[in-house]
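Here the structure is laid out as structure tokens; the discussion comes afterwards.
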Amino acid sequence: MSTLCYVNGEILSTSKGGIGISDLALQRGYGVFDYARTYNRKLFHFDDNLHRLRLSASKLHLKLPIPDIEITAVAEQLIRESTLNTPSIRLILTGGYSASPFFKDPNFIIIAEELPTYPASVYSLGVKLIKVEYQRELPHVKSINYMNSIRLEPLRREKNAFDILYYSENGVTECPRSNFFIFQGDRLVTPSSHVLHGITREIILKLASDHFPIEVRKIDPGELSTIDEAFITSTSKGIIPVTTIDAHKVGTGLVGDRTRILMRLLNEYTENY
Ligand SMILES: Cc1ncc(COP(=O)(O)O)c(C=O)c1O
Numbered sequence: 004m005s006t007l008c009y010v011n012g013e014i015l016s017t018s019k020g021g022i023g024i025s026d027l028a029l030q031r032g033y034g035v036f037d038y039a040r041t042y043n044r045k046l047f048h049f050d051d052n053l054h055r056l057r058l059s060a061s062k063l064h065l066k067l068p069i070p071d072i073e074i075t076a077v078a079e080q081l082i083r084e085s086t087l088n089t090p091s092i093r094l095i096l097t098g099g100y101s102a103s104p105f106f107k108d109p110n111f112i113i114i115a116e117e118l119p120t121y122p123a124s125v126y127s128l129g130v131k132l133i134k135v136e137y138q139r140e141l142p143h144v145k146s147i148n149y150m151n152s153i154r155l156e157p158l159r160r161e162k163n164a165f166d167i168l169y170y171s172e173n174g175v176t177e178c179p180r181s182n183f184f185i186f187q188g189d190r191l192v193t194p195s196s197h198v199l200h201g202i203t204r205e206i207i208l209k210l211a212s213d214h215f216p217i218e219v220r221k222i223d224p225g226e227l228s229t230i231d232e233a234f235i236t237s238t239s240k241g242i243i244p245v246t247t248i249d250a251h252k253v254g255t256g257l258v259g260d261r262t263r264i265l266m267r268l269l270n271e272y273t274e275n276y
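Terminal number for the sequence shown in our numbering: 276, no gaps in between.
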């Protein structure tokens, strides 16, 4: 499989692409990114990724060096010319080269890579989450810093969990790379604040609005013992049902009917995209 990337204006083989060791991303963890997928080799909601990348960049005072139309053209070229089964696109904007915390010219990288897949059983049987107290810094920013979730990997594996569910004084918020939803009866609830505004989250809220009453509000951790269904969403995962949180079953412990309805709606939406 041959994959390509773009580094500051140049397109080259991913194995040859790189930036120098004095970049602030490496030196101080300063940078943002975004991640888009394709369906049928067509970029999916890419404008939303570009919008979020610009928002993340502006919060870190970084400036994207090329306009959206050019980024899209490069992404499409990388998809066309890479031999990937299901291409996805990673956009990375770093602090750039600097020996001090002051920066001026970011490095901008676009990578075409294979979309990760998950076993069919996670969709048919659901998964387990474990709660960990943590609040992401600058939650609207898709920063390159996933230190906490990577640090928690051994714990996740030890507890046989699919993912971590963050909570804090701000309520139950999200997983390290996914948004979180619950059903209380027919009511679909997702946290209003202190989360990344996931692109899949927005799509689900729109698709669900014709079928279920929706509440976007703080979710108290205490509520989790009374919920009927739960699921997580992300670009690569779509909707993954959650059937266990810590040692407790969610509802009956089986994938819920309402979650299945949303999985079907999302499938239909992406097939017709
Ligand atoms: C912290 C966090 N929340 C939620 C999401 C899901 O966002 P999206 O649906 O745009 O993939 C991600 C994606 O990586 C994330 O990093």
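Just so it is clear, CB atoms sit at the ideal spot from N, CA and C, and this is done for glycine as well. Only a predicted model underlies this, so the values are computations on that prediction, with no experimental measurement involved.
Does the beta-carbon distance from residue i to residue j come in below 8 Å?
i, j, result
"Tyr170", "Arg93", "no"
"Leu257", "Leu210", "no"
"Leu155", "Leu81", "no"
"Ile114", "Thr17", "yes"
"Glu232", "Gly259", "yes"
"Leu46", "Ala76", "no"
"Phe111", "Leu141", "no"
"Leu191", "Phe184", "yes"
"Thr238", "Thr273", "no"
"Val198", "Phe165", "no"
"Ile242", "Leu269", "yes"
"Ala245", "Phe234", "Going by the sequence as given, residue 245 is Val instead of Ala. Cβ distance < 8 Å, so Val245 and Phe234 count as in contact."
"Arg267", "Phe186", "no"
"Arg31", "Pro104", "yes"
"Ile24", "Val10", "no"
"Ile277", "Leu208", "In the structure as shown, the chain begins at 4 and stops at 276. Residue 277 is therefore absent and cannot be evaluated."
"Leu168", "Ile248", "yes"
Relative to the C-alpha of residue i, which residue among the options is closest?
i, options, result
"Asn52", "Arg40, Lys62 and Asp166", "Arg40"
"Phe36", "Asn148, Leu87, Arg261 and Val245", "Asn148"
"Leu56", "Asn88, Leu96 and Ser18", "Leu96"
"His214", "Arg263, Pro104 and Leu87", "Arg263"
"Tyr33", "Leu58, Ser101, Asp223 and Glu79", "Ser101"
"Ser195", "Arg180, Asn173, Ile207 and Gly188", "Asn173"
"Arg180", "Thr229, Ile69, Asn151 and Gln30", "Asn151"
"Lys252", "Leu65, Asp50 and Gly129", "Gly129"
"Pro90", "Glu84, Leu118, Phe105 and Ala250", "Leu118"
"Thr255", "Gln138, Ile72, Gly20 and Thr229", "Thr229"
"Ile14", "Ile24, His54, Ala28 and Arg83", "Arg83"
"Glu271", "Asp189, Asp223, Ile22 and Ile206", "Ile206"
"Glu177", "Gly23, Tyr9, Lys62 and Arg139", "Arg139"
"Leu63", "Lys107, Thr236 and Tyr42", "Lys107"
"Ile69", "Asp249, Gly12, Ser212 and Gly21", "Gly12"
"Asn43", "Leu87, His54 and Gln187", "Leu87"
"Thr236", "Thr193, Ala250 and Pro224", "Thr193"
"Tyr137", "Phe49, Ala250, Lys19 and Pro224", "Pro224"
"Leu27", "His54, Ser5, Leu65 and His48", "Leu65"
Given a threshold of 16 other Cβ atoms within 10 Å of its Cβ, counted over all protein chains shown, does residue i qualify as buried or as exposed?
i, result
"Asn275", "exposed"
"Lys145", "buried"
"Leu158", "exposed"
"Gly1", "The chain is shown from 4 up to 276; residue 1 falls before or after that span and cannot be answered."
"Ala123", "exposed"
"Lys131", "buried"
"Lys240", "buried"
"Glu116", "buried"
"Ser85", "buried"
"Val175", "buried"
"Ser59", "buried"
"Ile153", "exposed"
"Asp189", "exposed"
"Asp50", "exposed"
I'd like to know if residue i contacts chain D, where contact means its C-beta is closer than 8 Å to some C-beta of that chain.
i, result
"Arg139", "The displayed structure is made up of one protein chain only, and chain D is not part of it."
Name the DSSP beta bridge partners of residue i, please?
i, result
"Ser171", "Gly174"
"Thr238", "According to DSSP, which records beta bridges pairwise, Thr238 is partnered with nothing at all."
"Asn2", "Nothing can be reported for residue 2: it is not among the residues displayed for the chain, which extend from 4 to 276."
"Ser61", "Per DSSP, none; premise fails for Ser61."
"Tyr276", "Tyr276 is not bridged to any residue."
"Gln187", "Arg190"
"Ala39", "Ile92"
"Ile113", "Tyr9 and Leu94"
"Tyr149", "According to DSSP, Tyr149 bridges with nothing at all."
"Ile72", "The partner list for Ile72 (beta bridge, DSSP) is empty, contrary to what the question assumes."
"Ser34", "One point to set straight first is that residue 34 is Gly, not Ser, in the sequence displayed. Gly34 pairs with Thr97."
Worksheet entry | Pocket of ligand 1 (residues with CB nearer than 5 Å to any heavy atom), chain order | In chain order, the hits are Glu177, Arg180, Asn182, Leu199, Gly201, Ile202, Thr203, Ser237 and Thr238.
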